[in-house]
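For reference, the structure is listed below as structure tokens.
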Ligand SMILES: Nc1ncnc2c1ncn2[C@@H]1O[C@H](COP(=O)(O)OP(=O)(O)OP(=O)(O)O)[C@@H](O)[C@H]1O
Ligand SMILES: [Mg+2]
């Protein structure tokens, strides 16, 4: 299922960030942060709460201007594009989103078409096709006429994902798209991400807390701690007990995933000391 | 334009057809009300004669229709659409379902402008107020936004609402202080501040029309961006909406609309609050439908309220604002109870 061909990102990727300094007011979240998203990869970003994953994603999507450094999209500083042009190339699913009361699923997903619409041409058949495809891919077609505020948390999450898909961008950034989802739907969403990536249509970046799923699905894994990239590369090469300990302060052993052979993190038991310290 | 895109195209079309039909029905209702507003009042004029009065004229009744009721009716249309569209814009921009021209300090600013015109510039004619009202509305708006977005946290719906309340309180205090100093100003202000279309003549209509037309066009220009903004600032920026520009143009539009409407008719409550909510129960939260509907529903409420005020107390009159409040308040309570208040 996973391919780990892209340990070394080739030069000139579509989305790169160089020497970023990110801050909210006086609070500096990250400094000297450089990152390169390999084209056509499924890149997963992992790291503890508050280490700056969402902040990084927001700066990559131009929601947060870096105080230093730059984000480069297709060879040009992202701040120099017209805003709709960025939105046609790069889509973001924020960690939390608000749906207006009384909006239907179909209507919400259709709002993902905003960057493709012109003032005098509010709707086209392309829009119809994109919305229908997004609803089907996320298994939400049967919810189309329901109200978003009357859905379960997991259904809602999939509807937001559908909106991001309807935007039809070659680059897709998803901030924890599997929160609220049961294990089956988590796998379903990640399968969808893998499909999008494997079909060569898109480069997908996902922030994920579920380490084992990240290690299984990622073609490129980035581990962050306190605003810094600690390690990046193919999951098999970088996931070690030392890395997990340094990122999460958690002792663990690593075994092979029986399904895929990718690394599986098994946290140390609380009572008995871990017997295996090396993978 | 489309509110819902469901996989079977028939559903899309039926939703769209329903909304287009609704617009046509609303337009028809408005035309009938306008005709009634020309014909009925202290002295009824047969409908057949209304047309003759407008085109030929001559009799005393014709003069009433053309010089009194026609400007009054047209002003009702202008003020109603201005307040309803401004209310919808404010609710979208502040993401606050209770937003209306009174909330963000705009009406208080316009009122202070009018009071200053009366007290310090000796302006008694309605047509002299408009610039003062617009300037007062703009200053209040700028003050509310400056106060609401001061500090590191930036503007938020709650901070804007609080700033609006604070500025309104301060301006109301200033208005009282000025008004109480002079009995002529007091009387003039009292007559204006009841909120009515009564006694408004053609020059007033001609003077406020451009501001309201520009405000409405600006508002209609923003509808898709408002749809994006309704998903939250991050999502809107992610979709490529220009959030800062949308906010700025939206504020300019609401200031023009509220300033002009308030200058012409005095402060009129509930239209800006109730109409968008009533409309939303039919159109849903898509601004591409919401604003055109407000453009018709606002005048319907305004003209109907003015007409009712004329008919109920014949041969006297009830102020329009009183009728809109009496009609608006129960409708609003009903809407809140019927459904969790339809939000943005
Ligand atoms: N809008 C904001 N204003 C001020 N500080 C913020 C803001 N958003 C985030 N922060 C701070 O920035 C730091 C990084 O936050 P961020 O949301 O990027 O973390 P994260 O890695 O996404 O965490 P999580 O896994 O919990 O989502 C945190 O200390 C947080 O408190
Ligand atoms: Mg986060």
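Residue numbers (my numbering), protein chains in the order written: chain E, 589 to 867; chain X, 14 to 357.
Cβ atoms here follow ideal geometry from the backbone N, Cα and C, with glycine treated the same way.
(message) By the 7 Å beta-carbon criterion, what residues does the region 232-256 of chain X contribute toward chain E?
(response) Against chain E - using a Cβ distance shorter than 7 Å - the residues of the region 232-256 of chain X are 237, 240, 241, 243, 244, 245, 247, 248, 250, 251, 252, 253, 254, 255.
(request) Could you name each continuous alpha helix (DSSP H) segment of 4 residues or more that falls completely within the region 153-240 of chain X, going from the start of the chain to the end? (result) Scanning the region 153-240 of chain X for uninterrupted alpha helix (DSSP H) segments of 4 residues or longer gives 170-194, 196-206, 215-234, listed from N- to C-terminal end.
(request) May I ask you to check if the CB of residue 683 of chain E is nearer than 7 Å to at least one heavy atom of ligand 2? (result) Taking the first chain and counting its residues from 1, the one referred to as residue 683 of chain E is at position 95. Set against 7 Å, the gap from the CB of residue 683 of chain E to the closest heavy atom of ligand 2 is smaller.
(message) Please report the straight-line C-alpha distance between residue 620 of chain E and residue 608 of chain E, rounded to a whole angstrom.
(response) Residue numbering aside, residue 620 of chain E sits at position 32 when the first chain is read from its first letter. Residue numbering aside, residue 608 of chain E sits at position 20 when the first chain is read from its first letter. Straight-line measurement puts the Cα of residue 608 of chain E at about 5 Å from the Cα of residue 620 of chain E.
(message) With three or more beta-carbon pairs closer than 8 Å as the criterion, would you say the region 260-270 of chain X touches the region 105-119 of chain X?
(response) Because the criterion of three Cβ pairs below 8 Å is met, the region 260-270 of chain X and the region 105-119 of chain X touch.
(request) From the DSSP output, in three-state form, read off residue 610 of chain E for me. (result) Residue numbering aside, residue 610 of chain E sits at position 22 when the first chain is read from its first letter. The three-state secondary structure of residue 610 of chain E, taken from DSSP, is strand.
(request) State the start and end residues of the unbroken beta strand (DSSP E) segment that holds residue 816 of chain E. (result) Mapped onto the first chain, residue 816 of chain E falls at position 228. Counting along the chain, the beta strand (DSSP E) containing residue 816 of chain E begins and ends at 816-821.
(request) Could you please tell me which residues of the region 649-673 of chain E, in chain order, have their CB closer than 9 Å to any CB of chain X? (result) Going along the region 649-673 of chain E in chain order, one finds 649, 650, 651, 670, 671, 672, 673 with a Cβ nearer than 9 Å to chain X.
(request) Can you give me the Cβ contacts of residue 589 of chain E inside the same chain, cut-off strictly under 6 Å, excluding the 5 residues immediately before and after it? (result) Within the first chain, numbered from 1, the residue matching residue 589 of chain E stands at position 1. Interpretation of residue 589 of chain E is limited by its pLDDT of 41, a score under 50 that renders its predicted location unreliable; the figure taken from the coordinates is listed afterwards. Around residue 589 of chain E: 848.
(message) Using a 10 Å radius around the Cβ and a threshold of 16 neighbouring Cβ atoms, would you call residue 744 of chain E buried or exposed?
(response) Counted from its first residue, the first chain places residue 744 of chain E at position 156. Here residue 744 of chain E is buried: its Cβ has 16 or more other Cβ atoms, across all protein chains shown, within 10 Å.
(message) Counting beta carbon pairs with one atom in the region 647-657 of chain E and one in the region 826-843 of chain E, are three or more of them shorter than 8 Å?
(response) Too few Cβ pairs lie closer than 8 Å, so no.
(request) Use the C-beta contact count for residue 260 of chain X: other C-beta atoms within 10 angstroms, 16 or more gives buried, fewer gives exposed. (result) Within the second chain, residue 260 of chain X is the residue found at index 247, counting from 1. Its Cβ being crowded by 16 or more others within 10 Å, residue 260 of chain X is buried.
(message) At 4 residues or longer, what runs of the alpha helix (DSSP H) sit wholly inside the region 663-697 of chain E?
(response) Every alpha helix (DSSP H) of 4 residues or more that sits fully in the region 663-697 of chain E is shown, in chain order, as 671-677.
(message) Here's the rule: buried if 16 or more other CB atoms are within 10 angstroms of the residue's CB, otherwise exposed. What is residue 44 of chain X?
(response) The count along the second chain starts at 1 and reaches residue 44 of chain X at position 31. Residue burial is scored here from C-beta neighbours: residue 44 of chain X has fewer than 16 other C-beta atoms within 10 angstroms and is therefore classed as exposed.
(request) Determine the burial state of residue 347 of chain X: buried for a count of at least 16 other Cβ atoms within 10 Å of its Cβ, exposed for fewer. (result) Working through the second chain from its first residue, we reach residue 347 of chain X at position 334. So residue 347 of chain X counts as exposed.
(request) Please report how far the alpha carbon of residue 746 of chain E lies from the alpha carbon of residue 726 of chain E, in whole angstroms. (result) Along the first chain, one-based indexing puts residue 746 of chain E at 158. Along the first chain, one-based indexing puts residue 726 of chain E at 138. Whole-angstrom Cα-Cα distance: 6 Å.
(message) Rounded to the nearest angstrom, what separates residue 357 of chain X and residue 311 of chain X at their Cα positions?
(response) As a first step, residue 357 of chain X is located in the second chain; it is residue number 344 there, counting from the start. As a first step, residue 311 of chain X is located in the second chain; it is residue number 298 there, counting from the start. For residue 357 of chain X, the predicted model reports a pLDDT of 43, less than 50, meaning its position is unreliable and no value from the coordinates is stated.
(request) Output, in chain order, the set of chain E residues within a Cβ distance shorter than 7 Å of residue 9 of chain X. (result) It is not possible to answer for residue 9 of chain X, since the shown part of chain X is limited to 14 through 357.
(message) When you compare the CB positions of residue 161 of chain X and residue 138 of chain X, do they come within less than 8 Å of one another, or not?
(response) Position 148 of the second chain, counted from the start, is the residue given in the question as residue 161 of chain X. Position 125 of the second chain, counted from the start, is the residue given in the question as residue 138 of chain X. No.
(message) So residue 127 of chain X and residue 276 of chain X are supposed to be a Cβ contact under 8 Å. How far apart are they, rounded?
(response) The sequence position of residue 127 of chain X within the second chain is 114, counting from 1. The sequence position of residue 276 of chain X within the second chain is 263, counting from 1. About 7 Å separates the two Cβ atoms, so the contact holds.
(message) Quick check on residue 761 of chain E: does DSSP put it in helix, strand or coil?
(response) Taking the first chain and counting its residues from 1, one reaches residue 761 of chain E at position 173. Residue 761 of chain E falls in the strand class under three-state DSSP.
(request) Measure the C-alpha to C-alpha separation of residue 786 of chain E and residue 760 of chain E and round it to an integer number of angstroms. (result) Numbered from its first residue, the first chain carries residue 786 of chain E at position 198. Numbered from its first residue, the first chain carries residue 760 of chain E at position 172. Computed Cα separation, rounded: 14 Å.
(message) Suppose the cutoff is 7 Å on Cβ atoms and the five residues either side in sequence are ignored; what does the same chain contact list for residue 87 of chain X look like?
(response) Indexing the second chain from 1 puts residue 87 of chain X at position 74. Excluding residues up to 5 positions away in sequence, 218 lie with their Cβ nearer than 7 Å to the Cβ of residue 87 of chain X in the same chain.
(message) Please determine whether the Cβ atom of residue 763 of chain E lies at a distance below 7 Å from any heavy atom of ligand 2.
(response) Position 175 of the first chain holds residue 763 of chain E. Remark: the C-beta of residue 763 of chain E is in contact range of ligand 2, defined as less than 7 Å to any heavy atom.
(message) Report the start-end ranges of each beta strand (DSSP E) in the region 632-668 of chain E that is 3 residues or longer and not cut off at the edges.
(response) Listed in chain order, the beta strand (DSSP E) elements of length 3 or more contained wholly in the region 632-668 of chain E are 656-661.
(request) May I have the straight-line CA-CA distance separating residue 851 of chain E from residue 28 of chain X, to the nearest angstrom? (result) Within the first chain, the letter at position 263 stands for residue 851 of chain E. Within the second chain, the letter at position 15 stands for residue 28 of chain X. Each residue's CA atom was taken as its position, placing residue 851 of chain E and residue 28 of chain X some 51 Å apart.
(request) Tell me where the beta strand (DSSP E) around residue 842 of chain E begins and ends. (result) Within the first chain, numbered from 1, the residue matching residue 842 of chain E stands at position 254. Per DSSP, the unbroken beta strand (DSSP E) holding residue 842 of chain E starts and ends at 840-844.
(request) Pick helix, strand or coil for residue 811 of chain E, following the three-state DSSP scheme. (result) Stepping through the first chain from its first residue, residue 811 of chain E is reached at position 223. Secondary structure at residue 811 of chain E: strand, using DSSP grouped into helix, strand and coil.
(request) Kindly indicate the opening and closing residues of the alpha helix (DSSP H) around residue 621 of chain E. (result) Residue numbering aside, residue 621 of chain E sits at position 33 when the first chain is read from its first letter. Run containing residue 621 of chain E: none in the alpha helix (DSSP H); it sits in the beta strand (DSSP E), 615-625.
(request) Just the C-alpha distance for residue 252 of chain X and residue 752 of chain E, rounded to the nearest angstrom, thanks. (result) Mapped onto the second chain, residue 252 of chain X falls at position 239. Mapped onto the first chain, residue 752 of chain E falls at position 164. When rounded, the distance between both Cα atoms is 9 Å.
(message) What residue range does the beta strand (DSSP E) around residue 252 of chain X cover?
(response) Within the second chain, numbered from 1, the residue matching residue 252 of chain X stands at position 239. Note, residue 252 of chain X: premise wrong, no beta strand (DSSP E); not H, not E.
(message) Determine, for residue 618 of chain E, whether the minimum Cβ-Cβ distance to residues of chain X falls below 8 Å.
(response) Within the first chain, numbered from 1, the residue matching residue 618 of chain E stands at position 30. So no, residue 618 of chain E is outside the interface.
(message) So for residue 852 of chain E, helix, strand or coil by DSSP?
(response) On the first chain, position 264 is the one that residue 852 of chain E refers to. Strand at residue 852 of chain E.
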